[in-house]
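These protein sequence lines are chains A and B, in that order. Take 1 as the starting number for the first sequence in the UniProt record's numbering and just add one per residue. Take 1 as the starting number for the second sequence in the UniProt record's numbering and just add one per residue. Structure record follows, encoded as structure tokens.
Protein chains: 2
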Amino acid sequence: MIANLPRTITFICLTLSVSCPLYAQSVPPVFTSPEVRSDNTVIFRFFSKSAREVKLSTQIEKSPMAMTKDSLGVWSVVLGPAKPDIYPYHFIVDGTSVADPRNSATFPNEGFQSSLVEITGSSPLLHTLQDVPHGTVAYRYYRSPELGTRPVVVYTPPGYEQDTKAKFPVLYLLHGTTDTEETWTKVGRANIILDNLIAQGKAKPMIIVMPYGRAFPIVSKSSGSLRNWENLQEFKKDFLNDLIPFVEQNYRVKADKDNRAIAGFSGGGGETLYLGLNHPDLASWICGFAPGMLKEEFERNNAVAFADPAQTNKRLKLFWIGVGKDDFLFGVIQDYIELLKQKEIKHETFISDGGHTWMNCKLYLTTIAQKLFKP
Amino acid sequence: MIANLPRTITFICLTLSVSCPLYAQSVPPVFTSPEVRSDNTVIFRFFSKSAREVKLSTQIEKSPMAMTKDSLGVWSVVLGPAKPDIYPYHFIVDGTSVADPRNSATFPNEGFQSSLVEITGSSPLLHTLQDVPHGTVAYRYYRSPELGTRPVVVYTPPGYEQDTKAKFPVLYLLHGTTDTEETWTKVGRANIILDNLIAQGKAKPMIIVMPYGRAFPIVSKSSGSLRNWENLQEFKKDFLNDLIPFVEQNYRVKADKDNRAIAGFSGGGGETLYLGLNHPDLASWICGFAPGMLKEEFERNNAVAFADPAQTNKRLKLFWIGVGKDDFLFGVIQDYIELLKQKEIKHETFISDGGHTWMNCKLYLTTIAQKLFKP
């Protein structure tokens with residue numbers, strides 16, 4: 001009944017300032033991790049008396065960094081100074097990946113456990129929580145006849161609740177493969193980025209709808225395989241028949257294609273292009289963030305747009321593709337962009353530094369949020 | 001830049017059905033964890049080729065269970081049949097605690113990383129997501145002059161957005177030590193429990209306000225110590241001066257003490273009693289769930305209530321204390337209940353099985369939610 005209670009009790013005893021006779025030997029020392037310092041260096045710490053080797057893996061350094069143990073069993077390493085951003089990281093303890101037990105900022109994902117460190121620097125970034133009016137991030141459920149009760153996270157801009165007449169445009173924002181409906185807010189800071197851009201007058205107030213972007217988890221019990229095309233078909237039905245009606249019935253939205261945008265990262269970028277390019281009435285704004293794609297699927301997944309480029313160009317107000325130079329999808333996305341040129345389909349490209357990361361996701365969202373729903 | 005990318009890329013490659021030449025050796029086999037079966041047994045799985053020993057720690061079995069490795073490096077163990085509930089669990093990999101990498105249901109906490117498994121059984125429980133009208137769980141920020149921008153999670157009942165005239169009573173619900181503002185929804189399922197109780201006509205529709213229940217994290221950089229009393233003083237200011245005004249300005253609430261309840265678990269239970277018993281105008285409904293307390297602090301922390309028991313009895317509609325027989329706080333809470341009897345302060349007690357767990361938190365919330373705001 002209380003098998004893993006020592007960890008909890010240890011903390012409660014510490015809080016109550018009572019002694020923990022049963023658990024005295026397991027009481028870890030008091031320490032913070034990560035500790036971000038004003039010079040943009042960070043101390044990471046991990047407690048283990050028994051580990052033989054602990055390393056820190058981040059998306060800042062190319063290789064895991066060795067950590068050293070003090071006499072109390074606290075392993076630590078100093079990183080940086082690092083470029084201000086939010087980075088995923090984890091410890092590697094004798095070969096096993098472990099999220100930071102002292103950090104409640106975690107990376108919502110179905111395939112791994114990671115923690116997040118925010119390195120802010122001397123001036124706030126666009127994803128830094130600032131003293132500006134904040135929108136609301138609502139966790140809702142909607143109903144799909146085929147898939148059951150489905151989670152969705154909905155950002156409404158500052159003032160949405162007060163001005164009960166105003167209607168807003170909607171950005172549908174899809175996460176990457178193995179991410180969840182929480183990843184765009186918790187890792188991508190979509191809500192904070194929009195709060196700040198709206199406060200600065202750089203983005204139009206908009207609603208952002210972040211559904212769970214798969215019909216079923218990537219590894220589902222019933223399948224035993226990944227069924228990517230089948231997932232796309234099932235998710236399309238859910239998106240068009242269940243999600244959009246839920247949003248338009250429950251939020252004050254401008255319900256036409258010129259006031260609908262769709263964007264997504266990685267696997268969700270592939271979904272974005274597939275949904276957006278094949279459904280002319282869906283959205284006039286389509287943005288792929290390092291969109292997942294395969295060359296042999298170009299024709300199939302773009303069939304409607306490719307069949308009538310002139311009509312596609314006429315109806316789309318923005319067709320935007322961003323990718324990092326170090327992204328492992330850079331090559332296939334270049335092939336895709338080349339094909340768009342051949343087909344004479346208008347598009348904007350944004351080639352950034354960096355790889356297939358959520359640091360780039362924040363950059364891409366920041367970029368497109370300033371373009372959406374503007375003449 | 002891409003130090004921990006292999007885990008991500010592996011999954012993306014799997015999804016895109018492309019080969020991962022660089023990472024071929026690290027591609028884990030396809031498997032699900034946890035796999036809950038219809039007979040309430042559960043298979044837990046963890047992938048590691050290098051670990052020497054992997055165990056499963058749950059709050060079901062008293063001791064960690066040994067797991068065995070197959071030829072692909074997947075460790076597994078079958079647990080149960082278990083009593084239907086939601087249980088925290090983690091793996092112990094060569095002595096290191098690890099949340100389940102294949103499970104995005106995690107336990108929001110500042111002191112450890114755990115995963116959650118829901119064992120539902122043949123009929124839904126009160127915390128099971130069902131096809132009933134759902135309320136909204138909103139992540140908001142409010143401003144404290146002393147503490148800065150503060151997170152709070154607010155549940156509004158089904159229909160709140162539609163009926164723009166109705167006003168609701170409010171339950172302020174505090175988490176335990178090292179928990180966060182998300183723990184009551186993600187582990188305690190407060191929103192789902194209320195959705196179900198409201199659908200069954202067993203609870204009055206209410207708003208539930210779940211703030212981050214500390215002035216500062218339990219282990220804060222600036223302190224190096226735990227400062228429990230100082231935390232209580234700072235949190236009290238924030239609660240009374242910032243949180244309640246934010247709620248009453250931003251939600252349609254009935255803003256009087258008979259329509260305010262306060263409840264909390266463990267450290268948050270101690271805060272609940274301290275706030276509720278010392279502020280006669282705050283709330284007529286006070287509920288402690290295994291409240292954290294020290295015998296030497298009884299007089300100080302209950303000063304106002306103890307000074308005038310008759311007035312306390314007159315003003316309170318419910319003073320409720322729940323605790324499990326196996327809770328490590330059972331003794332001190334019994335001493336406290338004895339003192340309440342001596343002081344002739346009216347109260348209800350609820351002695352359950354089990355220990356200092358979130359299984360009991362759900363039970364206690366389910367119990368008191370059916371009493372609140374009723375004649």
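C-beta: ideal position from N, C-alpha, C; glycine also. The model shown is predicted, which means the values in this text are computed figures rather than measured ones.
| query | result |
| --- | --- |
| Boundaries (first-last residue) of the alpha helix (DSSP H) holding A/G331 | F330 to K343 |
| Contact set between B/G95 and chain A, taken where Cβ atoms lie within less than 8 Å | S48, S50 and A51 |
| Candidates A/P158, A/R189 and A/L243, of which the one nearest A/E146 by Cα | A/L243 |
| Whole-angstrom C-beta distance between A/V323 and A/L316, which should lie under 8 Å | In fact, because the Cβ distance is near 19 Å, the residues do not count as touching under 8 Å. |
| Simplified DSSP assignment, three categories, for B/G269 | helix |
| Close-in-space but distant-in-sequence residues of the same chain around A/L72 (CB under 7 Å, 5 per side omitted) | P29 |
| Residues that A/L129 contacts on chain B, provided the C-beta gap is smaller than 8 Å | Y141 and T149 |
| Interface flag, B/N241 vs chain A, CB-CB below 8 Å | no |
| Beta-carbon proximity check, A/P157 vs A/L194, cutoff 8 Å | yes |
| Residues of the stretch 97-129 of chain A whose Cβ lies closer than 9 Å to any Cβ of chain B, in chain order | S97, V98, A99, D100, P101, R102, N103, S104, T106, P108, N109, E110, G111, F112, Q113, S114, S115 and L129 |
| Three-way DSSP call (helix, strand, coil) for B/Y172 in this model | strand |
| C-beta atoms of A/N191 and A/Y155 nearer than 8 Å | yes |
| Contact list for B/A138 against chain A, beta-carbon separation under 8 Å | T136, V137, A138 and Y139 |
| Whole-number beta carbon distance between B/G95 and A/T50, since they are thought to touch under 8 Å | Note that residue 50 of chain A corresponds to Ser in the displayed sequence, not to Thr. Contact flag correct, Cβ pair sits at about 4 Å. |
| Where B/N40 meets chain A, residues with beta-carbon distance less than 9 Å | Those do not exist, as B/N40 stays about 16 Å from chain A at its closest Cβ, beyond 9 Å. |
| Cβ of B/T272 within 8 Å of any chain A Cβ | no |
| Span separating the alpha-carbon of A/L126 from that of A/L173 | 18 Å |
| heavy atom of the ligand GDP below 7 Å from B/S33 C-beta | For the ligand GDP, the structure offers nothing, since it holds no ligand at all. |
| Proximity test, Cβ basis, 8 Å: A/N250 and chain B | yes |
| Identity of the residues DSSP links to A/G324 by a beta bridge | A/S352 |
| Beta-ladder partner(s) of A/V209, from DSSP | A/V154 and A/Y172 |
| Contacts that B/T164 makes with chain A (C-beta to C-beta distance below 9 Å) | T164 |
| Per-residue contacts from B/T68 into chain A (C-beta, under 8 Å) | Within chain A, no residue comes near B/T68; the closest Cβ sits about 17 Å away, beyond 8 Å. |
| Per DSSP, the bridge partner or partners of B/L194 | Note: B/L194 sits in no beta bridge, so no partner. |
| Distance between A/I321 and A/L197 (C-alpha atoms, nearest Å) | 21 Å |
| Run of the beta strand (DSSP E) containing A/D85, from where it starts to where it stops | D85 to V93 |
| Straight-line gap, A/V36 to A/I43 (C-alpha atoms, nearest Å) | 7 Å |
| Partner residues on chain B for A/T180, Cβ-Cβ distance less than 8 Å | S104 |
| CA-to-CA distance, A/L273 to A/G264, given in whole angstroms | 9 Å |
| Contact with chain A by B/E338, beta-carbon distance below 8 Å | no |
| Own chain, CB closer than 8 Å to B/Q311, minus 5 neighbours either side, in chain order | P280 |
| Proximity test, Cβ basis, 8 Å: A/E146 and chain B | no |
| Where the alpha helix (DSSP H) through A/T185 begins and ends | T183 to K186 |
| Which of helix, strand or coil DSSP assigns to A/M293 | coil |
| Closest by C-alpha distance to A/Y160, when choosing among A/R150, A/P169 and A/G135 | A/G135 |
| CA nearest to the CA of A/A99, picked from A/S114, A/A105 and A/D70 | A/S114 |
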